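With our numbering, the residue at position 124 of the sequence shown is 208, and numbering never jumps. Just so you know, even glycine gets a beta-carbon here, dropped at the ideal spot from N, CA and C. Since the structure is predicted, the reported quantities are computational estimates derived from the model, not experimental observations. Step one of this worksheet: look at the structure below.
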Amino acid sequence: MGMWSKIRRVGQIAEAAPAPPELADTPPSLRGSFALRHVDVGSCNGCEIEISGAFSPIYDAERYGAKLVASPRHADGLLVTGVVTRNMARALNDTYEAVPDPKIVIAVGDCACNCGLFSGGPGVAGKVADFLPVDVEVPGCPPTPTQITEALRRVTGR
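Following this line, the structure appears as structure tokens:
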């Protein structure tokens, strides 16, 4: 019984947190629920570990209306990690084109936002914003699950 009371209290504290302000240009059709296709375009895998943490039972990003999907055709937006490498630039663009309109792009991590440690590298084509219109940036190397969840809440408005 003691363990269940702790879990209930944690859930109550997290649900009582005030919702962050909505992203000003989030289309109304995307507010409340949002399906994301994750695209790794040249990451060290640090951001992916934190994304999996954000969707774990502890941070539970799905309770705020964000979920990961396997196909860009089922997505409302992209969650992009890593610096865009020369080999992945076209794949990133093709994935973006496969997402139906309206769509949102979230760049996760310093590499996606500004090339991070890999800036100027021979295989680096650029940051995500050089290829796609980025709506939300989540800086950090890697960003924490809390930062990722807060960014997703801004998009969903929950």
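Q: Closer than 6 Å by C-beta to R157: which residues in its own chain qualify, once you throw out the five before and the five after it? Chain order, please.
A: So the qualifying residues of the chain are A182.
(Q) Determine whether the beta carbon atoms of V212 and V153 lie at a separation below 7 Å. (A) Taking 7 Å as the Cβ cut-off, V212 and V153 do not qualify as a contacting pair.
Q | Length-filtered (4 minimum) alpha helix (DSSP H) runs lying within the stretch 126-206 | A | Positions of the alpha helix (DSSP H) runs, each at least 4 residues long and wholly inside the stretch 126-206, are given as 130-138, 173-182 and 194-198 in order along the chain.
Q: With DSSP as the reference, label L244 as helix, strand or coil.
A: Given a span of 85 to 242 for the chain in the structure shown, any question on residue 244 remains unanswerable.
Q) Can you name, in chain order, every residue of its own chain whose Cβ lies under 8 Å from the Cβ of I133, other than the five neighbours on each side? A) The beta carbon of I133 lies closer than 8 Å to those of P226 in the same chain, with the five residues before and after it left out.
**Q.** Whole-angstrom C-beta distance between V189 and C199, which should lie under 8 Å
**A.** Not a contact, Cβ separation roughly 16 Å.
Q: Just mark D185 as buried or exposed, buried being the case when its beta carbon has 16 or more other beta carbons within 10 Å.
A: Exposed, by the Cβ-count rule.
Q. For P217, which option in G130, R238, D144 and L162 has the closest C-alpha, if you only look at C-alpha atoms?
A. Ranking the options by Cα distance to P217, first place goes to L162.
Q. What is the residue span of the beta strand (DSSP E) that R121 lies within?
A. Here the beta strand (DSSP E) through R121 covers F118 to D124.
Q. What residue range is occupied by the uninterrupted beta strand (DSSP E) comprising G210?
A. Counting along the chain, the beta strand (DSSP E) containing G210 begins and ends at V208 to G210.
Q.
If I measure Cβ to Cβ from S127 and keep anything under 6 Å in the same chain, skipping five residues before and after, which residues do I get?
A. Hits under 6 Å: T165 and G166.
Q) What whole-angstrom Cβ distance do V125 and V192 have, given they're in contact under 8 Å? A) Contact annotation, V125 with V192: C-beta distance approximately 11 Å; criterion of less than 8 Å not satisfied.
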